[in-house]
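Worksheet: the structure to be examined is printed underneath.
2 protein chains.
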Amino acid sequence: MSRVPTPLWHKLIAVQIYGANTGVGKTVFSTLLGAHFVKRRGPRTWDLQYIKPVSTGPADEADDSYVLKYTGAKVQTLFQFKAAVSPHLAARGAAYLPNNDAIVKKVYTKLRDHVDLILGENMGISIIETAGGVLSPGPSGRLQADLFRPLRMPVVLVGDHRLGGIASTISAAESLILRGYDIDAVICFDDNGKYENSEYLRKYFEERDIAAFELPWIPNLTDCTESEETERMAAYYFKESAENALFRVAERIIERHFERLTNVDKMASRTRDVIWHPFTQHKSIKKTEEILVFDSAYGDYFQTKHTSSSRAGHRRSGNLPLFYPAFDGSASWWTQGVGHGNPKLSLAAAYAAGRYGHVMFAGATHEPAVTLAERLLEGLNNPRLKKCFYTDDGSTAAEVGLKMALRASCKRYAWDSSSEDIGVIGLKGSYHGDTIGAMDASEPCVYNKKVDWYRGRGYWFDFPTVKMREGRWIVEPPAGMDNVFGAPKDFTTLDDVFNFEQRDTAPMYEEYITSVLDNLVKEQGRKFGALVMEPVILGAGGMLFADPLFQRTLVKVVRAYSFAKIPKKTMRFRPDIAWTGLPVLFDEVFTGLYRLGRFSSASLLQTHPDISIHAKLLTGGLLPLSVTVASQSIFDAFFGDEKADALLHGHSYTAHPIGCHVANNSLQMMDERKAGYSWQGYVRNWKEKAASSRGETVDQLTMRPKAINESTIWSMWSKNTVIELSHHTLVDHVIAIGSVLAVSLKDEANSGYTSTAAIGLRDALLNQPSFSYLNIHSRVLGNVIYFMASMTSSSSHLASVEDALLQRLNAMSGVDLSVGDWGDARKRLPQDVAVFSAHRGRET
Amino acid sequence: MSRVPTPLWHKLIAVQIYGANTGVGKTVFSTLLGAHFVKRRGPRTWDLQYIKPVSTGPADEADDSYVLKYTGAKVQTLFQFKAAVSPHLAARGAAYLPNNDAIVKKVYTKLRDHVDLILGENMGISIIETAGGVLSPGPSGRLQADLFRPLRMPVVLVGDHRLGGIASTISAAESLILRGYDIDAVICFDDNGKYENSEYLRKYFEERDIAAFELPWIPNLTDCTESEETERMAAYYFKESAENALFRVAERIIERHFERLTNVDKMASRTRDVIWHPFTQHKSIKKTEEILVFDSAYGDYFQTKHTSSSRAGHRRSGNLPLFYPAFDGSASWWTQGVGHGNPKLSLAAAYAAGRYGHVMFAGATHEPAVTLAERLLEGLNNPRLKKCFYTDDGSTAAEVGLKMALRASCKRYAWDSSSEDIGVIGLKGSYHGDTIGAMDASEPCVYNKKVDWYRGRGYWFDFPTVKMREGRWIVEPPAGMDNVFGAPKDFTTLDDVFNFEQRDTAPMYEEYITSVLDNLVKEQGRKFGALVMEPVILGAGGMLFADPLFQRTLVKVVRAYSFAKIPKKTMRFRPDIAWTGLPVLFDEVFTGLYRLGRFSSASLLQTHPDISIHAKLLTGGLLPLSVTVASQSIFDAFFGDEKADALLHGHSYTAHPIGCHVANNSLQMMDERKAGYSWQGYVRNWKEKAASSRGETVDQLTMRPKAINESTIWSMWSKNTVIELSHHTLVDHVIAIGSVLAVSLKDEANSGYTSTAAIGLRDALLNQPSFSYLNIHSRVLGNVIYFMASMTSSSSHLASVEDALLQRLNAMSGVDLSVGDWGDARKRLPQDVAVFSAHRGRET
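Heads up: the protein sequence lines correspond to chains A and B, in order. Position 243 of the first sequence, counted from 1, bears residue number 242 in numbering that gives the first Met the number 0, the numbering being contiguous throughout. Position 43 of the second sequence, counted from 1, bears residue number 42 in numbering that gives the first Met the number 0, the numbering being contiguous throughout.
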């Protein structure tokens with residue numbers, strides 16, 4: 000996916016002309032528009048550029064001379080194919096097939112070059128004439144509107160004046176809109192009153208706040224002599240109606256350009272005036288400019304407005320575009336899965352909106368919700384889990400999970416929770432959401448301690464963590480607990496950390512946990528209603544990688560422990576599927592649904608929770624939806640004769656069809672990714688011995704990729720980089736699993752969430768000194784800077800992120816490597832270069 | 000908007016044939032398909048029906064004879080226009096212009112008639128051939144795919160085989176999909192290898208799980224003699240490739256039909272297996288069938304699967320379709336504003352998804368979020384409110400509002416909330432959401448009392464309520480509090496209740512509230528951090544209409560009251576815009592954004608809260624989004640040097656662009672509604688003296704409707720009906736304001752939320768004895784049955800709801816009026832009939 004800036008400069012209007020179909024007069028209109036700008040009277044003089052990104056056949060050459068004749072501009076054809084057919088067919092026989100990125104980059108480069116050539120106070124107008132209809136295939140077969148989407152230039156749509164043209168024009172507009180394009184104007188040639196499309200279309204679009212214009216019918220130029228042609232066109236152009244209409248179209252395009260510039264300029268200050276930002280100390284925003292303005296996003300990239308900081312290092316800053324692409328390094332707060340602006344998800348959202356809107360879910364049902372529940376239960380592959388309860392976000396899903404677990408335990412143990420304090424058991428550093436009930440399930444921390452109604456309810460275990468330091472994976476006891484857990488232990492691979500049978504610390508963990516519980520329950524008489532944990536990685540707590548064996552052992556001990564005498568009247572239950580000890584709730588909001596490479600991160604612990612909560616990646620990163628999945632034995636605790644015994648929870652938009660349908664689609668896309676080659680490459684990269692041949696991952700019979708070896712723990716981030724980072728002088732340790740990479744910087748003060756360590760690195764990555772480096776938007780948690788990819792991020796882009804990170808770190812540590820030199824750093828580990836190349840070479 | 004069932008019967012396949020454009024071979028394909036079914040060998044015999052809903056010009060007549068010749072079926076043209084132009088032009092000169100409803104109903108009726116005529120074990124196939132392209136205008140000008148959307152029949156899309164046809168075919172498909180259509184198959188004629196569209200399209204659609212088929216090129220019939228034509232077509236049809244392709248297309252259509260039937264059949268049991276429903280005691284679902292299956296929704300109507308109960312009264316139950324339209328009487332849990340399946344909202348959702356997906360909002364911004372915040376601040380028109388904080392639903396918005404208010408008060412009064420209990424002041428029966436923090440702000444009730452971590456924190460006032468009983472509005476003191484508030488008071492109009500200057504109870508209220516506060520604060524030493532209220536209507540508490548004067552007085556007293564000594568170091572503040580006493584939080588999640596007819600229901604109280612929360616209608620009823628709007632003085636309480644002092648709250652999808660952009664669009668649509676004629680009619684209906692001339696509401700200068708008189712309290716439900724209901728023997732009282740109508744049935748036991756009263760009425764309305772009556776899906780709260788409209792519901796449909804309600808009530812009370820008789824009931828109030836007619840007559 001292309002990394003190019005949106006081509007918006009103050010002094011250049013770049014507008015792409017799409018046709019509602021072929022033969023609607025796209026070239027004629029583009030020429031008239033170009034000619035108008037060249038001759039336009041007014042305060043500004045316009046330098047015209049006329050680009051055809053892709054051109055096929057000799058007829059197009061004739062068009063070019065036509066354009067030249069009336070506008071004086073030489074058509075810049077970027078990719079020319081001889082055959083007079085659609086580009087995807089013409090490209091077949093061609094010696095060189097440009098890939099989509101190359102086309103997009105070339106368009107961008109041409110526009111940038113034009114900007115550099117605009118004289119003095121002149122303005123530039125670049126007309127990009129597309130080929131065929133809006134969704135005609137480009138050379139690679141990708142639909143044109145998708146191909147050019149990374150540029151998201153404003154559009155003029157030339158309507159179809161023929162019979163059926165109303166339908167094709169509106170459909171073409173809808174296809175553009177659902178890909179996030181802004182249509183500056185629709186124009187339609189009048190057909191001399193035959194079908195009256197132009198009148199209908201003008202009204203239709205104007206009602207939808209899209210400007211629409213009618214142009215008089217174009218002269219018939221068939222069998223003209225050259226002088227006749229010139230004469231007729233001149234006559235047409237000087238027709239008052241044509242001139243007026245073109246003037247108004249141009250006026251509209253110019254007006255929209257300046258509106259856009261003004262909007263971009265004002266966005267930060269408008270935001271400052273009316274927005275209260277999440278998790279933000281507004282006093283720390285020293286300059287309004289610090290508020291990042293995202294104009295759009297596509298794939299892994301935000302289009303971010305330049306600030307004085309981002310602009311600082313650029314030599315060419317005079318002609319910098321207004322935006323630059325920044326890698327979405329936090330996966331938009333851990334949500335992104337299939338790339339921004341994914342057209343399949345847009346269409347899925349629109350379909351569900353069109354079929355249902357929202358339909359209430361109490362006592363009712365609809366297809367997307369049921370299918371999603373079935374898909375989740377299948378994917379989670381946990382024989383305990385049976386019922387899905389939908390809510391809106393991770394925090395509400397946690398609240399529901401807590402309500403479920405607490406009721407189940409209070410009911411079984413006949414506790415009166417209205418008069419007794421019932422807590423949860425969890426881990427230090429856990430976080431389950433921003434609502435007060437979810438907060439109460441975590442120990443006091445910076446997030447909750449100033450919330451006036453917060454009351455931490457429970458006991459939170461300290462625990463050993465996994466980290467890579469100087470190329471070795473270690474399991475390290477928490478500070479000051481060497482006496483309990485012993486010295487840090489080394490592991491050759493991450494697989495070894497998860498190889499529970501081979502590890503010998505389980506009895507020690509078991510003994511420790513039991514002794515703590517004995518103290519709490521037997522000695523202090525405290526009551527607990529649930530074990531609540533984020534499996535493997537505690538995200539908001541600072542990307543803490545918990546020793547999976549400790550978490551697994553905690554579940555085992557809690558399930559076997561006697562938290563209270565079970566009253567005799569309690570119904571029997573099957574301990575293999577019903578909860579024992581306490582209900583076990585896994586908060587997989589962050590870690591689940593492929594974030595760590597698996598559908599469920601519980602599978603990494605080889606254990607089955609009684610309640611599992613999911614959100615974020617559920618919709619692939621599009622819109623809020625969450626689900627709390629529960630076992631039958633939890634469900635049964637609410638089954639009774641009284642309505643009041645039911646789980647009386649339900650937000651209005653529970654199971655909204657758009658969210659469910661989008662989730663079904665994004666889960667399917669991620670499932671497909673799991674089976675694809677790119678993930679195979681990641682797995683191979685993380686295996687002890689790198690595979691050299693591609694054959695290994697292909698089923699020789701079907702020639703389809705083999706399923707990923709579920710026993711390997713792997714990451715989308717390259718093993719080499721992780722190792723190299725872990726050796727870095729500024730780095731304390733690193734973790735990498737699935738799409739998550741977290742780098743813990745050395746920080747003597749270690750002041751936690753409120754620390755400003757790592758912020759320097761974050762800012763440097765966002766504001767790179769030149770476009771040779773990737774700009775990266777990232778987030779920090781105290782002294783931890785982390786990076787997160789979509790499931791669909793390409794490994795070449797991830798490699799760029801890694802390169803940029805290493806280069807910035809080196810610069811910070813005084814190793815000021817220039818652009819060409821960073822590769823040396825890589826050479827420090829020559830034995831891995833082959834693996835690295837094998838890993839990176841496949842995708843672009 | 001049409002009230003017709005989705006035309007799905009076991010024995011009939013009704014498929015509509017759309018063309019990607021005109022001239023793509025739609026008639027040829029439809030004929031071939033019809034001919035195939037007629038001749039089809041296999042276990043079933045097919046009875047063919049061929050419908051053209053709209054036909055124009057003589058060419059179509061030629062087509063009809065062609066269809067007849069090859070299929071033996073006479074084309075049933077429902078609306079024929081002479082001119083050979085697009086229907087919207089042809090209809091201009093016609094004597095009779097059918098409205099959209101009439102066309103939709105006629106199609107449905109024809110299909111139903113066909114079902115009745117299908118012989119024995121035969122199956123029926125109805126081919127509905129549309130005119131022009133997917134979005135060609137119908138006679139009224141409405142786009143065809145919108146016009147037929149109430150029927151949502153499966154589609155076969157005939158692709159365009161010509162140059163540019165890939166683009167037009169995919170765009171046409173996208174236009175269908177975003178309107179919620181299911182495309183059973185795309186077919187494309189091969190063009191003898193010229194453009195190869197069919198190959199591209201087949202692959203493209205198959206990758207998107209849409210079946211696609213190629214058909215061999217059609218014979219050239221130009222200038223054929225009749226016998227030559229017959230010969231060529233016969234030859235074509237018996238071409239193996241054509242026969243095979245048609246067989247497979249038909250097979251696919253049949254397969255999809257039976258899939259659809261199976262899905263419908265299994266949906267309830269699949270749901271029962273995997274879904275944990277919101278607010279539902281699962282044990283009370285006696286039969287799986289009781290779970291309502293919504294196949295789709297459009298406008299105000301669900302397409303609901305028939306159950307044995309809904310089918311019971313129907314004479315024709317043998318040939319009933321699988322679905323029936325049910326009025327969405329709870330506005331899908333109070334969310335609906337602009338109708339289900341609104342194509343503008345679908346496209347708005349898709350645009351934002353295409354432009355952004357979700358982009359993270361911490362420290363960043365994007366256009367839809369800022370524009371929405373500005374729009375809200377403008378609409379709320381409250382000089383205190385300055386900052387918008389986004390979350391996902393009403394409950395999270397309430398949590399944020401509580402965090403804001405409590406911090407502000409604890410900070411000003413220097414309270415240590417970690418060791419002291421800080422409560423809220425509110426009203427009995429209030430409800431602010433399902434998360435535990437939001438629950439804590441309400442007194443114990445059925446919703447929260449079994450939530451183990453629930454701890455009600457505050458004091459809740461009992462309060463007088465407004466209701467209409469026997470045609471009179473009264474303000475009634477709470478049970479047993481006549482000694483405090485005096486006897487119930489009568490008012491002629493609802494306007495009088497809200498005419499605070501004219502009312503004399505304010506001093507009494509003031510005195511009472513002050514005395515209660517004195518007892519709590521001065522005597523008991525309790526501490527309070529916020530006044531939290533739903534203005535005017537307490538929804539979940541049972542649609543309690545609070546005396547607005549009491550609420551207004553409560554705000555006034557709280558603002559003047561001294562809840563603690565203000566430490567000297569406290570900064571000065573301007574009491575006109577800064578909070579005093581306690582921060583006042585209005586929960587307008589249910590009541591705001593036009594639900595009660597005003598943008599803000601605070602305006603009904605003529606007071607300005609410091610915090611205002613909004614959700615539900617915010618997105619017009621499409622997807623979750625909420626906002627907590629705060630004053631500068633609240634915002635300032637979080638402004639400080641420490642990050643920890645900030646409001647550390649922020650869900651991952653905070654301010655998701657789809658939600659914000661959809662909200663901007665739906666608020667605009669509702670704003671436009673406010674300015675339109677239909678709402679003028681409602682206001683006029685509720686004014687004391689009915690206006691007889693339309694002129695009154697029209698600005699004579701501009702001829703645009705005048706702005707609604709903001710001082711009138713009005714409802715979308717007719718005054719007559721409300722009065723009539725209030726007289727009904729089974730009814731205790733009624734309330735109506737804005738789009739809300741709530742009928743409180745007499746119930747000796749008055750057992751509250753868990754009561755089963757009103758459930759009988761609810762079920763009877765859902766399961767009407769015949770289609771002459773509207774089926775209504777409604778919800779009950781204890782003995783209250785309520786009805787809620789969208790802002791765009793037409794008054795004729797609301798009148799049908801009222802009629803159905805009155806008729807069912809009469810039936811329950813033994814006045815068993817037959818279909819024709821209910822009108823008599825109306826005549827009980829003859830003086831109002833004119834008003835009623837004037838009110839109802841305008842819209843259909």
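Quick reminder that beta carbons are idealized off the backbone N, C-alpha and C, glycines included.
- Taking every protein chain shown into account, the CB of B:P57 has fewer than 16 other CB atoms within 10 angstroms, so this residue is exposed.
- When secondary structure is reduced to three states using DSSP, A:W414 falls in the coil class, being assigned neither helix nor strand.
- Not flagged as an interface residue toward chain B: A:T728, since no C-beta distance is shorter than 9 Å.
- If you check the CB distance, A:A351 and B:G179 come in under 9 Å.
- Against A:P277, the close residues of chain B are F360, A361, H648, G649, T653, in the order they occur along the chain (beta-carbon pairs closer than 7 Å).
- Those residues of the segment 323 to 353 of chain B placed with their C-beta closer than 8 Å to a C-beta in chain A are D327, S329, S331, W332, W333, T334, Q335, G338, H339, G340, N341, P342, K343, L344, S345, L346, A348, A349, Y350, A351, A352, G353, ordered along the chain.
- Look at A:I209 here: in three-state DSSP terms it is coil, with no helix or strand label.
- In this structure, A:R502 lies away from A:D489, with their beta-carbon atoms at least 9 Å apart.
- Taking the CA atoms as reference points, B:S793 sits about 12 Å from B:R2.
- Neighbours of A:H281 in chain B, taken as residues at a C-beta separation under 8 Å, are given in chain order as F634, F637, F638, A645.
- CA-CA distance, A:A545 to B:N663, rounds to 44 Å.
- At a cut-off of 3 residues, the continuous stretches assigned as beta strand (DSSP E) that sit fully inside the segment 528 to 595 of chain B are 583 to 586.
- Interface residue (Cβ-Cβ distance to chain A less than 9 Å): B:Y199 is classified as such.
- Of the other Cβ atoms in all chains shown, fewer than 16 fall within 10 Å of the Cβ of B:I565; this residue is therefore exposed.
- Contiguous alpha helix (DSSP H) elements confined to the segment 212 to 296 of chain B occur at 225 to 237, 239 to 273, taking only those with 4 or more residues.
- The C-beta of B:P136 comes closer than 9 Å to at least one C-beta of chain A.
- Taking C-alpha positions only, A:L321 is separated from A:R255 by approximately 15 Å.
- Identification of residues in the segment 380 to 394 of chain B having a C-beta nearer than 9 Å to some C-beta of chain A yields K385, K386, C387, F388, Y389, T390, D391, D392, G393, S394, given in sequence order.
- Close to A:H365, with beta-carbon spacing below 7 Å, are these residues of chain B in chain order: F293.
- Within chain B, the residues L162, G163 have their CB atoms less than 7 Å from the CB of A:T21, given in chain order.
- In the DSSP assignment, B:F301 falls outside any alpha helix (DSSP H) and lies within the beta strand (DSSP E) extending over 300 to 304.
- Taking C-alpha positions only, B:H732 is separated from B:A93 by approximately 51 Å.
- Annotation for A:F484: the continuous alpha helix (DSSP H) segment containing it runs 481 to 484.
- Contact between A:T590 and A:P534 holds, with the beta-carbon distance rounding to 6 Å and staying under 8 Å.
- Under the DSSP definition of a beta bridge, B:E173 lacks any partner.
- Look at A:Y194: its C-beta is under 9 Å from a C-beta on chain B.
- At least one CB atom of chain A sits nearer than 9 Å to the CB of B:I176.
- Listed in chain order, the alpha helix (DSSP H) elements of length 4 or more contained wholly in the segment 0 to 79 of chain A are 25 to 38, 56 to 70.
- Residues of the segment 617 to 628 of chain A that bring their beta carbon within less than 7 Å of a beta carbon in chain B comprise G620, L621, L622, P623, in sequence order.
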